[in-house]
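**Q**
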Amino acid sequence: MKHIRTGFYRWAAILLILFSYRTFAHSSPTEPKIATLDWTVAETLLALGQPPIAVGDAESYRTWVAVPQLPADTLDLGSRLQPNKELLAKLKPDLFVNSAMFSSLKPILQCYVADPKQVDSVDFYRDGDIWHNQLTASRKLAQLIGKPQAAETLIQQSEQLFARLKNRLSAYQDRTLLLVQFIDSRHLRVYGENSLFGAVIKQMGFRNAWTQAVTVWGSANIGINQLADFKDNPRLIVIKPYPLNVPTALQHNTLWQHLPLSQDPLVLPAIWTFGALPSAQRFATSLAEALQHGGEAW
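All letters in the sequence shown, in the order written, are residues -25 to -1, 1 to 273 by mature numbering (1 follows the signal peptide of the UniProt record, and there is no 0).
1. On the premise that P43 lies in contact with L21, defined as a C-beta separation below 8 Å, what is that separation, rounded to the nearest angstrom?
2. Counting only the same chain and skipping the five closest in sequence on each side, list residues whose C-beta sits under 6 Å from that of T15.
3. Mind the definition here: the segment 138 to 152 touches the segment 112 to 123 only if three or more C-beta pairs lie below 8 Å; say whether that holds.
4. Would you tell me roughly how many angstroms separate the C-alpha atoms of G180 and S79, rounded to the nearest one?
5. Out of C86, L45 and N73, which has the shortest C-alpha to C-alpha gap to L56?
6. For S96, which residues does DSSP report across the bridge?
7. Could you please give me the residues that DSSP links to V165 through a beta bridge?
8. Quick check on the burial criterion: 16 or more other C-beta atoms within 10 angstroms. Buried or exposed for L202?
9. Pairs of beta-carbons, one from the segment 202 to 212 and one from the segment 134 to 146, closer than 8 Å: are there three or more?
10. Return the Cβ separation of S194 and V165 in integer angstroms, given the expectation that the two are a contact with Cβ distance under 8 Å.
11. Taking 7 Å as the cut-off, does the CB of S194 come closer than this to any heavy atom belonging to the ligand SAM?
12. Go through its chain and collect everything with a Cβ distance to D102's Cβ below 8 Å, but skip five positions before and after it.
13. Tell me the start and end of each unbroken alpha helix (DSSP H) in the segment 112 to 146 that is at least 4 residues and wholly inside, in chain order.
14. So what does DSSP say about I83, is it helix, strand or coil?
15. So H162 and N196 are supposed to be a Cβ contact under 8 Å. How far apart are they, rounded?
16. Taking just the CA atoms, how far does P253 sit from S133?
17. Candidates A75, Q25 and N220: which alpha carbon is nearest K122's?
18. What does the alpha-carbon distance come out to for the pair I199 and V189?
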């Protein structure tokens, strides 16, 4: 009987902790209600310990971003560029934070908050050094939600992770990495040094095979035929998701089959390529896992 009581109390304590966390994260009257249309803002809020109560196109977030996971009760505001106005009217958030990509919606969103100043913006992607911009935006977001130290903790965790992996992966660092995502079976998005993932592999001790011009997002679109231009046989890193027909199409693509870099590509899980520090951490750990133990199946 004593063991039964002990087991009961242990499980009761665990359930109480879980319930308390959920209450703290979503129902505490002292916690501000924050909403966003931007997935990069959303993942950073989660990493800062401030889950958003509502996110634009939350269902697609779970495909393209996946981790950190949105709580099950997060409201889906519908299209990120045309959010559901009925939901906005009921929501009454304390703060709406987006990126500059949604600046045209600011006047609309201001109609659904008590004060126009409750609609603010942070820019993870703009002209300049990508890593500096990431740190600046993370700190600003943390300031907006009243948790400045949470940003410093997140930054420290990220940079310490990259340093540990740099030491662990020294045997793989001689070969350059070509970071891509398939747009369709004939076109790819390639990520340069001033992309989020480009900044990560640099801190991990790797060289980026793509050295040509990129957009403010750190990427460039190329045709599959351009993969033949890489003469130093870089390691191809393919980031999911991609259209379902891509693996089959590549099997029947003669050019692809004869490319040296097609012989040992590493496929990583879906990671938000236009994300922030949470995506950077996930990319780093996924890359390390793939290099050491093999990537995912096509």
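The C-beta atom is built at its ideal place from N, Cα and C for all residues, glycine as well.
**A** In this structure, then:
1. Here residue 21 refers to the residue found at position 46 when the sequence shown is read from its first residue. Here residue 43 refers to the residue found at position 68 when the sequence shown is read from its first residue. By a beta-carbon distance limit of 8 Å, L21 contacts P43. Their separation comes to about 4 Å.
2. Numbered from 1 along the sequence shown, position 40 holds the residue referred to as residue 15. Here the set comprises F99, G250 and A251.
3. Look at the beta carbons and you see the segment 138 to 152 not touching the segment 112 to 123: under three pairs across the two are nearer than 8 Å.
4. Counting from one through the sequence shown, the residue named residue 180 turns up at place 205. Counting from one through the sequence shown, the residue named residue 79 turns up at place 104. Going by the C-alpha atoms only, they are around 39 Å apart.
5. Reading the sequence shown from its first residue, position 81 is the one you call residue 56. The residue among C86, L45 and N73 with its C-alpha nearest the C-alpha of L56 is N73.
6. Numbered from 1 along the sequence shown, position 121 holds the residue referred to as residue 96. Beta-bridge pairing links S96 to N73.
7. Numbered from its first residue, the sequence shown carries residue 165 at position 190. DSSP lists V155 and A195 as partners of V165.
8. Within the sequence shown, residue 202 is the residue found at index 227, counting from 1. Burial check for L202: the Cβ neighbour count within 10 Å reaches 16 or more, so the residue is buried.
9. Contact fails: fewer than three Cβ-Cβ distances are below 8 Å.
10. Here the question's residue 194 lines up with position 219 in the sequence shown. Here the question's residue 165 lines up with position 190 in the sequence shown. Under the criterion of beta carbons closer than 8 Å, S194 and V165 qualify as touching, at roughly 6 Å.
11. Here there are no bound small molecules, and the ligand SAM is not part of this structure.
12. Taking the sequence shown and counting its residues from 1, one reaches residue 102 at position 127. Cβ contact annotation for D102 (same chain, cutoff 8 Å, sequence separation greater than five): V191, in chain order.
13. Counting only runs that start and end inside the segment 112 to 146, the alpha helix (DSSP H) elements of at least 4 residues fall at 123 to 143.
14. The count along the sequence shown starts at 1 and reaches residue 83 at position 108. Residue state, collapsed to three classes: helix.
15. Here residue 162 refers to the residue found at position 187 of the sequence shown. Here residue 196 refers to the residue found at position 221 of the sequence shown. In this structure, H162 and N196 form a Cβ contact; the two beta carbons are roughly 6 Å apart against a cut-off of 8 Å.
16. Locating residue 133 in the sequence shown gives position 158, counting from the first residue. Locating residue 253 in the sequence shown gives position 278, counting from the first residue. Cα to Cα, the separation comes out at about 8 Å.
17. Here residue 122 refers to the residue found at position 147 when the sequence shown is read from its first residue. The shortest CA-to-CA distance from K122 to any of A75, Q25 and N220 is the one to Q25.
18. The residue given as residue 199 occupies position 224 in the sequence shown. The residue given as residue 189 occupies position 214 in the sequence shown. Answer to the nearest angstrom: the Cα atoms are 17 Å apart.
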